[in-house]
Amino acid sequence: MDSENSFKKRKIADDIVDDGEGLLESLPGDILTDIFSRLPISSLARLMFVSRSWRSILTQHGRVSSSSSSSTKPCLLLHCDFPIRNGLHFLDLSEEEKRIKTKKFSLRFASSMPEFDVVGSCNGLLCMSDSLYNDSLYLYNPFTTNSLELPECSNKYHDQELVFGFGFHQTTKEYKVVKIVYFRGSNSNYRGRGRIQYKQSEVQILTLSSRTDQSLSWRSLGKAPYKFVKRSSEALVNGRLHFVTRPRRHVPDRKFVSFDLGDEEFREIPKPDCGGLNRTNHRLVNLKGCLCAVVYGNYMKLDIWVMKSYGVKESWGKEYSIGTYLPKGLKQNLDRPMWIWKNAENGKVVRVLCVLENGDVLLEYKNRVLVAYDPKAG
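Quick note, the sequence shown lines up with residues 1 to 378 if you use UniProt numbering.
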């Protein structure tokens, strides 16, 4: 039955293509691209199957993703990790609905990769790792169902800690996967007591461009100049990935560090003068194209600081201050209050996703609840 239905879909698409030169079919490619760029990504996904020429325009250089990224109405891809890490949901924020709704993707690779982690996302493309085999990396477009298994790096380390980054550089038109590896080295005398010390490091990078003659291979950029928090970069701003450093014994101050996908250099970024950034109570995110620091305080209060002019310390300002709030479902499951509050300060209970078109801040809670916060109402 499934094969029969799929055949019918192909037949209908062929009929549309073969039905003479319609108005849209006769338009130049650049005009079609401009039209597509104004549509929500959910519509682009459906247009992929209208004709081969439209599919070519939408997929060329990632336009099915990057075209929609220019829209002021974002969409979100949510990875569900409960009860197992295999759920992927789509939230189209361009739909004019009072109630936020999600749609679940049907994943073709579910049998071959039953559990996965999303280690990076950009323009609708996901960089995923197999939860059972961390060395396996994939790029996946859930709207076109196209996927690409990335080659393994020749430099492998048995005992390692990984920090990922994935992004697109507007000038070079290239996607890059960044993998920062921390490892103990062959001369380590660790015997299982205390925290493992990963004293060695290497920065590995893989470039994906539109050139068909370019083979995919990892390059080594040498030793990492900083020790970063074990968390994938969530903030791609101005073609740069952003990370937070771990404190050292004699240097407790944490730093904000960017990695430029163009020249492949690390640079320090000035921090806001908000205090309390020496603990693991903050995250870096991209909100409306600006670098933002989400600072978690006591009792689930969080402040959002925005860098309005990139790289200018004086441009940092506190734009939002969100007070304590717990969705009803989380209150009912509050078996260990102290544990909840402790993890709230680390951003493990509530996470800032984006700013909606109406100015509301969209929050994700650990119990899989989405909440829109109205800063005007407080």
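Just so you know, even glycine gets a beta-carbon here, dropped at the ideal spot from N, CA and C.
Review point. Which two residues bound the contiguous beta strand (DSSP E) that contains G317?
Key: It spans 316-322 - the beta strand (DSSP E) in which G317 sits, taken as one unbroken run.
Review point. Does DSSP put G29 in a helix, in a strand, or in coil?
Key: Three-state DSSP puts G29 in a helix.
Review point. Where does A293 land, buried or exposed, given buried means 16+ other C-beta within 10 angstroms?
Key: Of the residues assessed, A293 falls on the buried side of the cut-off, its CB having 16 or more other CB atoms within 10 angstroms.
Check your understanding: Helix, strand or coil for S154 per DSSP?
Key -> Three-state result, S154: coil.
Check your understanding: Does Y226 get closer than 8 Å to chain B when you measure Cβ to Cβ?
Key -> Any reference to chain B falls outside this structure, which holds one protein chain only.
Check your understanding: How is K129 classed by DSSP in three states: helix, strand or coil?
Key -> Note that residue 129 is Ser in the sequence shown, not Lys. If DSSP states are grouped into helix, strand and coil, S129 belongs with the strands.
Practice item. May I ask which residues mark the beginning and end of the beta strand (DSSP E) holding A224? Key: Here A224 belongs to no beta strand (DSSP E), and DSSP marks it neither H nor E.
Review point. Where do the ends of the beta strand (DSSP E) carrying N141 lie?
Key: For N141, the enclosing beta strand (DSSP E) starts and ends at 137-141.
Review point. CB of L76 to nearest heavy atom of the ligand PLP: below 7 Å?
Key: Although the ligand PLP was asked about, the structure shown includes no ligands whatsoever.
Check your understanding: Does the region 201-208 come close enough to the region 140-160 to have 3 or more Cβ pairs within less than 8 Å?
Key -> Look at the beta carbons and you see the region 201-208 touching the region 140-160: at least three pairs across the two are nearer than 8 Å.
**Study point:** Same chain, Cβ closer than 7 Å to K230, neighbours up to 5 away in sequence not counted
**Key:** In the same chain as K230, and ignoring 5 residues on each side of it, the C-beta atoms closer than 7 Å to its own belong to E161, V163, in chain order.
Practice item. Alpha carbon to alpha carbon, how far is K176 from P142? Give it in angstroms, no decimals. Key: Their backbone Cα atoms lie some 19 Å apart in a straight line.
**Study point:** Same chain, Cβ closer than 6 Å to K366, five either side skipped, listed in chain order
**Key:** Excluding sequence neighbours, K366 sits near V349.
Practice item. Could you work out which residue in S209, R219, F243, P375 is closest to K173 when comparing CA atoms only? Key: When only C-alpha atoms are compared, the closest one is S209.
Review point. So what does W218 bridge to, in DSSP terms?
Key: Beta-bridge pairing by DSSP links W218 to L206.
Practice item. Have a look at P225 and L241 and give me their C-alpha separation to the nearest angstrom. Key: P225 and L241 have their alpha carbons spaced roughly 15 Å apart.
Review point. Using a Cβ-Cβ cut-off of 6 Å (strictly less than) and excluding sequence neighbours within five positions of D267, which residues of its own chain qualify?
Key: For the record, residue 267 in the displayed sequence is Arg; it is not Asp. Here the set comprises S258.
Review point. So K176 is in the beta strand (DSSP E); what residue range does that whole segment cover?
Key: First-last of the beta strand (DSSP E) with K176: 174-183.
Review point. What do you reckon, are the CB atoms on V285 and E234 nearer than 8 Å?
Key: Closer than 8 Å, so yes.
Practice item. Decide if M1 is buried, meaning its Cβ has at least 16 other Cβ atoms within 10 Å, or exposed. Key: Bear in mind that the predicted position of M1 carries a pLDDT of just 47, short of 50, making it unreliable; the figure below should be weighed with that in mind. M1 is exposed by the Cβ-count criterion.
Check your understanding: Taking the C-alpha atoms as reference points, what is the distance between S215 and V178?
Key -> Roughly 17 Å separates the two Cα atoms.
Point to revise | Strand pairing of E115, partner residues [DSSP] | key: In DSSP, E115 forms no bridge with anything.
Check your understanding: Do you know offhand how far W218's Cα is from V361's?
Key -> The C-alpha of V361 is placed about 38 Å away from the C-alpha of W218.
Review point. Rounded to whole angstroms, how far is the Cβ of Y310 from the Cβ of L287, which I believe are closer than 8 Å?
Key: The beta carbons of Y310 and L287 sit about 13 Å from each other, so the pair does not count as a contact at 8 Å.
Review point. Where does the unbroken beta strand (DSSP E) through C290 begin, and where does it stop?
Key: Start and end: 290-296.
**Study point:** For K376, three-class secondary structure by DSSP
**Key:** Three-state DSSP puts K376 in coil, outside helix and strand.
Point to revise | Host beta strand (DSSP E) of N238 (start-end) | key: N238 -> no beta strand (DSSP E), and no H or E assigned at all.
Check your understanding: Between L206 and L126, is the Cβ-Cβ spacing less than 8 Å?
Key -> In this structure, the beta-carbon distance from L206 to L126 does not fall below 8 Å.
Exercise for review: Grab the span of the beta strand (DSSP E) containing R267 for me, first residue to last.
Suggested key: Membership of R267 in the beta strand (DSSP E) is indicated by the continuous run 266-269.
Review point. So the beta strand (DSSP E) C354 belongs to, where does it begin and stop?
Key: Note, C354: beta strand (DSSP E), 350-355.
Practice item. Can you tell me which of the three DSSP states K103 falls into? Key: Under the three-state reduction of DSSP, K103 is assigned to strand.
Review point. Going by C-alpha distance, which of C122, H89, H79 is nearest G289?
Key: Closest in C-alpha terms to G289, from the list C122, H89, H79, comes C122.
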